[in-house]
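Each remark here refers to the structure printed beneath this line.
Number of protein chains: 2
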Amino acid sequence: MLLSGGMDSGTCLAIARRRHARVAALTVVYGQRHAREIRAARALARHYRVREHRVLSIPLAGLVRSSLTDRRRSLPTGGPRPGRIPSTYVPARNTILLALALGYAESHRLDRIYIGANAIDYSGYPDCRPEFLRAFERVARLGTRAGVEGRPRIRVLAPLLRDSKADIVRRGERLRVPWQLTWSCYRGGRRPCGVCDSCRLRARGFRQAGVRDPLERKR
Amino acid sequence: MLLSGGMDSGTCLAIARRRHARVAALTVVYGQRHAREIRAARALARHYRVREHRVLSIPLAGLVRSSLTDRRRSLPTGGPRPGRIPSTYVPARNTILLALALGYAESHRLDRIYIGANAIDYSGYPDCRPEFLRAFERVARLGTRAGVEGRPRIRVLAPLLRDSKADIVRRGERLRVPWQLTWSCYRGGRRPCGVCDSCRLRARGFRQAGVRDPLERKR
Numbered sequence: 245m246l247l248s249g250g251m252d253s254g255t256c257l258a259i260a261r262r263r264h265a266r267v268a269a270l271t272v273v274y275g276q277r278h279a280r281e282i283r284a285a286r287a288l289a290r291h292y293r294v295r296e297h298r299v300l301s302i303p304l305a306g307l308v309r310s311s312l313t314d315r316r317r318s319l320p321t322g323g324p325r326p327g328r329i330p331s332t333y334v335p336a337r338n339t340i341l342l343a344l345a346l347g348y349a350e351s352h353r354l355d356r357i358y359i360g361a362n363a364i365d366y367s368g369y370p371d372c373r374p375e376f377l378r379a380f381e382r383v384a385r386l387g388t389r390a391g392v393e394g395r396p397r398i399r400v401l402a403p404l405l406r407d408s409k410a411d412i413v414r415r416g417e418r419l420r421v422p423w424q425l426t427w428s429c430y431r432g433g434r435r436p437c438g439v440c441d442s443c444r445l446r447a448r449g450f451r452q453a454g455v456r457d458p459l460e461r462k463r
Numbered sequence: 245m246l247l248s249g250g251m252d253s254g255t256c257l258a259i260a261r262r263r264h265a266r267v268a269a270l271t272v273v274y275g276q277r278h279a280r281e282i283r284a285a286r287a288l289a290r291h292y293r294v295r296e297h298r299v300l301s302i303p304l305a306g307l308v309r310s311s312l313t314d315r316r317r318s319l320p321t322g323g324p325r326p327g328r329i330p331s332t333y334v335p336a337r338n339t340i341l342l343a344l345a346l347g348y349a350e351s352h353r354l355d356r357i358y359i360g361a362n363a364i365d366y367s368g369y370p371d372c373r374p375e376f377l378r379a380f381e382r383v384a385r386l387g388t389r390a391g392v393e394g395r396p397r398i399r400v401l402a403p404l405l406r407d408s409k410a411d412i413v414r415r416g417e418r419l420r421v422p423w424q425l426t427w428s429c430y431r432g433g434r435r436p437c438g439v440c441d442s443c444r445l446r447a448r449g450f451r452q453a454g455v456r457d458p459l460e461r462k463r
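Chains as they are written, first to last, in my numbering: chain E, 245 to 463; chain W, 245 to 463.
Below is the structure:
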């Protein structure tokens with residue numbers, strides 16, 4: 245399970261944990277400015293008692309260009325716009341994360357990779373779309389022992405892919421996801437900024453689901 | 245260009261360099277026991293005056309299981325066997341390398357990724373096969389801006405894919421690849437061991453092409 249520490253991966257972990265006795269989590273520190281989310285990932289991994297939680301550091305910040313890995317750039321605050329990929333997009337991030345999860349899964353004979361990707365209320369990142377995930381699943385089959393030796397193939401599961409953010413809140417509520425342990429804000433300050441795309445999507449999801457977000461500022 | 249420092253990636257770099265004025269090289273230190281090959285990669289990058297040579301360290305050794313990243317395990321010495329994937333296979337390595345190259349390429353607006361993969365005289369790694377590379381190219385298209393904004397798509401080129409090792413030696417000879425700067429031996433000692441799969445494939449290629457390998461021990 246790829247665990248970022250956000251509300252989607254927290255809910256995805258709750259789903260995976262309900263379905264499987266043995267779940268391992270992989271969190272990648274890639275130079276994201278909201279390294280605060282790593283703490284959230286650790287808290288969620290503890291809460292859900294995953295069998296193993298790996299935190300892997302890879303210095304992507306110098307390799308890729310994104311406002312999410314470069315503190316000199318400003319973060320967009322106007323909210324996601326349909327058909328536009330915002331500057332917070334990290335080139336090939338999900339391909340890299342899934343590739344690392346694939347290496348881990350194959351090495352430990354795990355046959356499913358869970359990812360909290362969502363293609364409805366999302367920032368328009370190309371690597372969150374169903375067709376991308378299907379294409380990666382093919383890579384996973386052809387690029388591993390499964391493609392040659394007939395071992396069980398490794399599947400990529402994104403149970404939240406077609407949920408709205410409000411659906412995710414409702415599913416999470418049913419599964420009693422500890423929202424206070426999750427983290428979404430791209431700024432990664434002491435409190436959520438409330439205006440970055442990630443904060444806006446989160447707030448809308450909670451509002452539409454009629455649920456109070458424990459992280460939200462008191463008004 | 246993914247540059248490992250071996251004879252295939254050295255030849256591939258010579259090909260890319262002849263075709264393109266602007267070539268950047270990416271070498272990944274993933275915990276391979278033959279870290280000696282990183283020195284070879286640096287020497288080749290200098291020789292071919294690549295525009296930029298990135299050396300990225302990612303601690304894969306704890307994540308994946310392979311005799312190539314675990315010094316406590318022994319390396320096979322009997323030569324590659326058809327239809328068998330040897331213990332030196334590093335789960336998902338090429339998926340991970342290509343994913344990192346994809347992030348770099350997209351960030352720097354480069355539209356081709358070169359990889360020295362070979363599916364003829366090779367160790368039977370699943371992630372060196374043509375169908376895997378085609379599948380990854382699809383991931384590259386769907387998982388990047390190209391899949392949404394109509395930017396030029398990023399292609400994956402493996403010009404040595406269907407060459408025998410002897411073909412590679414012949415091509416390299418024509419391009420004057422400095423074989424003495426390359427490194428193949430999995431053991432990564434002071435001199436090539438001569439018996440690991442990588443040494444055996446290299447030796448056979450040079451022998452069949454009738455070329456002397458400057459790295460070979462004097463008899």
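Positions of the beta carbon are idealized from the N, C-alpha and C atoms, including for glycine.
Using a Cβ-Cβ distance cut-off of 8 angstroms, the region 352–371 of chain W and the region 348–357 of chain E are not in contact, since fewer than three pairs of beta carbons, one from each stretch, lie closer than that value. For the pair residue 393 (chain W) and residue 329 (chain E), the CB atoms are nearer than the 8 angstroms cut-off. For residue 348 (chain E), at least one C-beta of chain W is nearer than 8 angstroms to its own C-beta. Out of E:424, E:460 and E:452, the CA that lies nearest to the CA of residue 439 (chain E) is found in E:460. E:333 is the residue among E:324, E:325, E:333 and E:381 whose C-alpha sits nearest the C-alpha of residue 317 (chain E). In the DSSP assignment, residue 357 (chain E) falls within the beta strand (DSSP E) that extends over 356–358.
By the neighbour-count definition (other C-beta atoms within 10 Å, threshold 16), residue 444 (chain E) is a buried residue. Cβ contact annotation for residue 291 (chain E) (same chain, cutoff 7 angstroms, sequence separation greater than five): 422 and 425, in chain order. Of all residues in the region 307–337 of chain E, only 307, 308, 309, 310, 327, 328, 329, 333, 334, 335, 336 and 337 place a beta-carbon less than 9 angstroms from a beta-carbon of chain W. By the neighbour-count criterion, in which a residue is buried when 16 or more other Cβ atoms sit within 10 angstroms of its Cβ, residue 303 (chain E) is exposed. The beta carbon of residue 342 (chain W) lies closer than 6 angstroms to those of 380 in the same chain, with the five residues before and after it left out.
Within chain W, not a single residue places a beta-carbon under 7 angstroms from that of residue 271 (chain E); the smallest gap is close to 12 angstroms. A Cβ of chain W is located within less than 8 angstroms of the beta carbon of residue 370 (chain E).
Residue 362 (chain E) and residue 429 (chain E) have their alpha carbons spaced roughly 17 angstroms apart.
Between residue 449 (chain W) and residue 398 (chain W), the beta carbon gap of about 30 angstroms keeps them out of contact (Cβ cut-off 8 angstroms).
In this structure, residue 250 (chain W) and residue 281 (chain W) form a Cβ contact; the two beta carbons are roughly 6 angstroms apart against a cut-off of 8 angstroms. When rounded, the separation of the alpha-carbon atoms in residue 419 (chain W) and residue 262 (chain W) is 9 angstroms.
DSSP places residue 298 (chain W) within a strand segment (E or B) once states are collapsed to three.
Contact annotation: in the region 385–413 of chain W, residues whose CB is within less than 7 angstroms of a CB in chain E are 386, 387, 388, 389, 391, 392 and 393. Under the Cβ criterion of 8 angstroms, residue 288 (chain E) is not counted among the residues facing chain W. Apart from the 5 residues on each side of it in sequence, residue 313 (chain W) sits with its Cβ closer than 8 angstroms to the Cβ of 274, 275, 276, 277, 304, 305 and 334 in its chain, given in chain order.
Among the residues facing chain W, residue 302 (chain E) is included, as its CB has a counterpart in that chain under 8 angstroms away. The three-state secondary structure of residue 426 (chain W), taken from DSSP, is coil.
Where residue 339 (chain W) is concerned, the enclosing alpha helix (DSSP H) starts and stops at 337–351. Annotation for residue 370 (chain E): 329, 333 and 376 place their beta carbon closer than 8 angstroms to its own, counting only its chain and skipping 5 residues before and after. Its chain contains 350 and 395 as the residues whose beta carbon lies nearer than 7 angstroms to that of residue 389 (chain W), once the 5 sequence neighbours on both sides are disregarded; these appear in chain order. At least one beta carbon of chain E lies nearer than 8 angstroms to the beta carbon of residue 351 (chain W). Taken atom to atom, the span from the alpha-carbon of residue 446 (chain W) to that of residue 409 (chain W) is near 7 angstroms. Among the bridge pairs identified by DSSP, residue 246 (chain E) is matched with E:270. Of the candidates W:260, W:431 and W:453, the residue whose Cα lies closest to the Cα of residue 321 (chain W) is W:431. Around residue 296 (chain E), no beta-carbon contact reaches into chain W at under 7 angstroms, the shortest distance being about 11 angstroms. Residue range 399–401 is occupied by the beta strand (DSSP E) that includes residue 400 (chain E).
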